[in-house]
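Peer 1: Numbering (this note's numbering), first residue to last: 1 to 598.
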């Protein structure tokens, strides 16, 4: 071999060496970037979950106070309508019975002497002085031995003068027990802070009175992190912040409650789900071997590495037993759950095929919710890249009972911007639903019909904020004045009670039924905007009313029903009720006793 050939071989070997080194650098660099992206996505998921649950807890705390104020308004109205001279001897026992034996809330009537005898400088004295203006007041949190409570007080007026007050002492622990914790966090501190950044009450009694800075320092935050956290906290009423301590990464989120400048604040630690560095060493060895292979083999390895990283993420999340994760493949029309679903749900296999095929039935979904599930899957192609949807569905458990689950999901897109999958979580909220029903029955029930009173309007608006789809039915009893005038008001009351029973039988337990006027009712069916479902419910309602028999009334009973669906005709009760009301009056003008869907 000539010297020139040897030089050429040497140059060629150097070229291959440089190319191999560059390929190695690019390969390792790409994997490091990919691992970092996975870590960032996990942190983003934790922040989204933390923020969502904090906002929900703040909203539920505000709803508790709103419900208590509504209960006091109804109590004052009941006292005013009683007709007897207002005396503490009969008013106080009557109001105490409204708490239904609950140890979490105490309702009392206070006369003028009680208001004047309150200790000077106390929170009660401050609240009693404020109600002299004639408006309800929500007081601060005070302690009674080892318990903490807050006051909600409404004055009783006579000739523009405060004659007394109805007071509710509410256990402060209820402010924390309305929502449910995110299962993604294993350590959580929840507190309520006032507008001076002081802890009013918290999940631990020793936190009361501390400033947010002192509490953060106890949790291991550095002074720099504390300053950054407080700056973010003061900038927005609702927000989140991620920080690092010696124990690992932590998360903080806050949301305004809407009373006394209070905010719900949560500090939490997340499980450590970062990709281990040992995986990078193994990958480096694999890349060195792959340098001698063809480009196709290298591409195949890259694909397998990506799938392995995805499986690592899902395997880690599947360790949380109380959270179920699902993935829907739009092209294959298949839905797959994580393996822990087999321990909870009535499933023989984690994979369901041909989910949107109308011929198939899946026992794991409640029959009334299966159509809503399919509609979500059909409409998935219209979702945006940053859009996160929430819904409620019932699913069958291993023991044969149905439980309510909160579904949170978003779309996954391919390189062309087309939706290829839906990925989401299912969290059991049956206990939360039971607590909601108990509180609603105490504060929002119409005493005559047993359905919700006007407070049902707030519940419908709250439900519309959580679930984007639903149908609002508005119905008015035809010729109800004729029934009262002909058969008497007692017969009219029996007819209203029977109508309430018909509505409860027609709609689901989780649907909202309310009496919003003398003979006017509304019902909100959540989770579906299907015309077929609306028309079926409308026909069923008319048939039940047609068969209605009421003692003392010999004429036929009819109702006029109008309906409107969300989000097509609105996303609030006000817009939906306007559309449904117009449809109802079209029925009235067309001969009554019918149903019309806008």
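The C-beta atom is built at its ideal place from N, Cα and C for all residues, glycine as well. Nothing here was measured: the structure is a model prediction, and the numbers come from that model.
With a CB to CB cut of under 6 Å and the five nearest residues on each side skipped, what residues in its chain are close to residue 599?
Peer 2: Nothing can be reported for residue 599, as the shown portion of the chain is limited to 1 through 598.
Peer 1: Does the ligand FMN have even one heavy atom less than 6 Å from the beta-carbon of residue 268?
Peer 2: Ligands are entirely absent from the displayed structure, and the ligand FMN is therefore not among its contents.
Peer 1: From what residue to what residue does the alpha helix (DSSP H) around residue 128 run?
Peer 2: By 1-based counting over the chain shown, the position of residue 128 is 128. Where residue 128 is concerned, the enclosing alpha helix (DSSP H) stretches over 123-130.
Peer 1: Express the C-alpha separation of residue 352 and residue 319 in angstroms, rounding to a whole number.
Peer 2: Counting from one through the chain shown, the residue named residue 319 turns up at place 319. Counting from one through the chain shown, the residue named residue 352 turns up at place 352. The predicted model places residue 319 with a pLDDT of 47, which falls under 50 and marks its position as unreliable; any figure quoted below should be read in that light. Answer to the nearest angstrom: the Cα atoms are 21 Å apart.
Peer 1: Is the region 540-551 touching the region 375-387, taking contact as three or more C-beta pairs under 8 Å?
Peer 2: no
Peer 1: Check residue 455 in the structure and name its three-state DSSP category.
Peer 2: Position 455 of the chain shown holds residue 455. Here residue 455 sits in coil by DSSP.
Peer 1: State the DSSP-derived secondary structure class of residue 646, mapped to helix, strand or coil.
Peer 2: Beyond the ends of the chain as shown, which are 1 and 598, falls residue 646; an answer cannot be given.
Peer 1: Which partner residues does residue 93 have in the DSSP bridge list?
Peer 2: Here residue 93 refers to the residue found at position 93 of the chain shown. DSSP lists no partner for residue 93.
Peer 1: From 433, 578, 547, 496, pick the residue whose C-alpha is nearest to that of residue 511; which is it?
Peer 2: The residue labelled residue 511 in the question sits at position 511 within the chain shown. Per the Cα distances, 433.
Peer 1: Excluding sequence positions up to five away, which residues of its chain have a Cβ less than 7 Å from the Cβ of residue 524?
Peer 2: As a working mapping, residue 524 is identified with position 524 in the chain shown. The residues are 460, 463, 470, 472, 511, 512.
Peer 1: Classify residue 565: buried if its beta carbon has 16 or more other beta carbons within 10 angstroms, exposed otherwise.
Peer 2: Along the chain shown, one-based indexing puts residue 565 at 565. Buried, because 16 or more other Cβ atoms sit within 10 Å of the Cβ of residue 565.
Peer 1: How big is the Cα-Cα spacing for residue 238 and residue 254?
Peer 2: As a working mapping, residue 238 is identified with position 238 in the chain shown. As a working mapping, residue 254 is identified with position 254 in the chain shown. One C-alpha to the other measures close to 5 Å.
Peer 1: How would you call residue 338, buried or exposed, if buried means at least 16 neighbouring beta carbons within 10 angstroms?
Peer 2: Counted from its first residue, the chain shown places residue 338 at position 338. Classification for residue 338: buried.
Peer 1: Residues in the same chain with beta-carbon distance under 6 Å from residue 425, minus the five sequence neighbours each way, listed in chain order, please.
Peer 2: Locating residue 425 in the chain shown gives position 425, counting from the first residue. So the list reads 323, 325, 408, once near-sequence residues are dropped.
Peer 1: Which of the three DSSP states, helix, strand or coil, is assigned to residue 201?
Peer 2: For the purposes of this step, residue 201 is identified with residue 201 of the chain shown, where counting begins at 1. In the structure shown, residue 201 sits in a strand (DSSP, three-state: E or B).
Peer 1: Should the region 477-487 be regarded as contacting the region 109-116, the criterion being three or more beta carbon pairs within less than 8 Å?
Peer 2: no
Peer 1: Does the separation of the CB atoms of residue 467 and residue 526 fall below 7 Å?
Peer 2: Within the chain shown, the letter at position 467 stands for residue 467. Within the chain shown, the letter at position 526 stands for residue 526. Yes, they are a contact pair.
Peer 1: Quick one: what's residue 427 bridged to in DSSP?
Peer 2: Here residue 427 refers to the residue found at position 427 when the chain shown is read from its first residue. Paired residues: 323, 406.
Peer 1: Could you tell me the alpha carbon to alpha carbon distance between residue 444 and residue 170, rounded to whole angstroms?
Peer 2: Reading the chain shown from its first residue, position 444 is the one you call residue 444. Reading the chain shown from its first residue, position 170 is the one you call residue 170. If I take the Cα positions, the gap works out to 17 Å.
Peer 1: From residue 553 to residue 561, what does the alpha carbon distance come to, in whole angstroms?
Peer 2: For the purposes of this step, residue 553 is taken as the residue at position 553 of the chain shown. For the purposes of this step, residue 561 is taken as the residue at position 561 of the chain shown. Their backbone Cα atoms lie some 21 Å apart in a straight line.
Peer 1: Does the distance from the C-beta atom of residue 172 to that of residue 148 stay below 7 Å?
Peer 2: Here residue 172 refers to the residue found at position 172 when the chain shown is read from its first residue. Here residue 148 refers to the residue found at position 148 when the chain shown is read from its first residue. Against a cut-off of 7 Å, the Cβ pair of residue 148 and residue 172 comes out as a contact.
Peer 1: Going by beta carbon distance, what residues of the same chain come within less than 7 Å of residue 498, once the five residues before and after it are set aside?
Peer 2: Against the chain shown, residue 498 aligns to sequence position 498. Closer than 7 Å at Cβ, skipping near neighbours: 548, 550.
Peer 1: How close, in whole Å, do the beta carbons of residue 474 and residue 358 come, if the pair is a contact with beta carbons under 8 Å?
Peer 2: Within the chain shown, numbered from 1, the residue matching residue 474 stands at position 474. Within the chain shown, numbered from 1, the residue matching residue 358 stands at position 358. Contact annotation, residue 474 with residue 358: C-beta distance approximately 30 Å; criterion of less than 8 Å not satisfied.
Peer 1: Taking the beta strand (DSSP E) that residue 164 falls in, what are its first and last residues?
Peer 2: Counted from its first residue, the chain shown places residue 164 at position 164. Per DSSP, residue 164 belongs to the beta strand (DSSP E) from 161-171.
Peer 1: What is the residue span of the alpha helix (DSSP H) that residue 480 lies within?
Peer 2: Translated into positions along the chain shown, residue 480 becomes position 480. Note, residue 480: alpha helix (DSSP H), 480-487.
Peer 1: Taking the beta carbon of residue 156 as the centre, do at least 16 other beta carbons fall within 10 Å, making it buried, or is it exposed?
Peer 2: Indexing the chain shown from 1 puts residue 156 at position 156. Result: buried.
Peer 1: Would you call residue 252 buried or exposed, if buried means 16 or more other Cβ atoms sit within 10 Å of its Cβ?
Peer 2: As a first step, residue 252 must be located in the chain shown, where it is residue number 252. Answer is buried; the Cβ neighbour count reaches 16.
Peer 1: Is DSSP giving residue 137 helix, strand or coil here?
Peer 2: Residue mapping note: residue 137 aligns to position 137 of the chain shown, counting from 1. Three-state DSSP puts residue 137 in a strand.
Peer 1: By the 10 Å Cβ neighbour count, where 16 or more other Cβ atoms means buried, how is residue 150 classified, buried or exposed?
Peer 2: Position 150 of the chain shown, counted from the first residue, corresponds to residue 150. Flag for residue 150 reads buried.
Peer 1: Rounded to the nearest angstrom, how far is the Cβ of residue 189 from that of residue 202, given a contact under 8 Å?
Peer 2: Taking the chain shown and counting its residues from 1, the one referred to as residue 189 is at position 189. Taking the chain shown and counting its residues from 1, the one referred to as residue 202 is at position 202. Between residue 202 and residue 189 the Cβ distance is about 7 Å, and since that is below 8 Å, they are a contact.
Peer 1: Let's test the definition: count the other Cβ atoms within 10 Å of the Cβ of residue 388 and tell me whether it reaches 16, buried, or not, exposed.
Peer 2: Walking along the chain shown from the start, residue 388 turns up at place 388. The residue is exposed, with fewer than 16 neighbouring Cβ atoms inside 10 Å.
Peer 1: May I have the straight-line CA-CA distance separating residue 328 from residue 521, to the nearest angstrom?
Peer 2: Working through the chain shown from its first residue, we reach residue 328 at position 328. Working through the chain shown from its first residue, we reach residue 521 at position 521. The straight-line gap from Cα to Cα measures roughly 39 Å.
Peer 1: Name the two residues that bound the continuous alpha helix (DSSP H) containing residue 393.
Peer 2: Here residue 393 refers to the residue found at position 393 of the chain shown. Where residue 393 is concerned, there is no enclosing alpha helix (DSSP H), although the beta strand (DSSP E) it sits in stretches over 388-396.
Peer 1: For residue 417, count neighbouring C-beta atoms within 10 Å of its own C-beta (all shown protein chains included) and say buried if the count is 16 or more, exposed if not.
Peer 2: Locating residue 417 in the chain shown gives position 417, where the first residue counts as 1. It is exposed - the Cβ of residue 417 has fewer than 16 other Cβ atoms within 10 Å.
Peer 1: Residue 207: buried (16+ other C-beta within 10 angstroms of its C-beta) or exposed?
Peer 2: Looking up residue 207 in the chain shown gives position 207. With 16 or more other Cβ atoms within 10 Å, it is buried.
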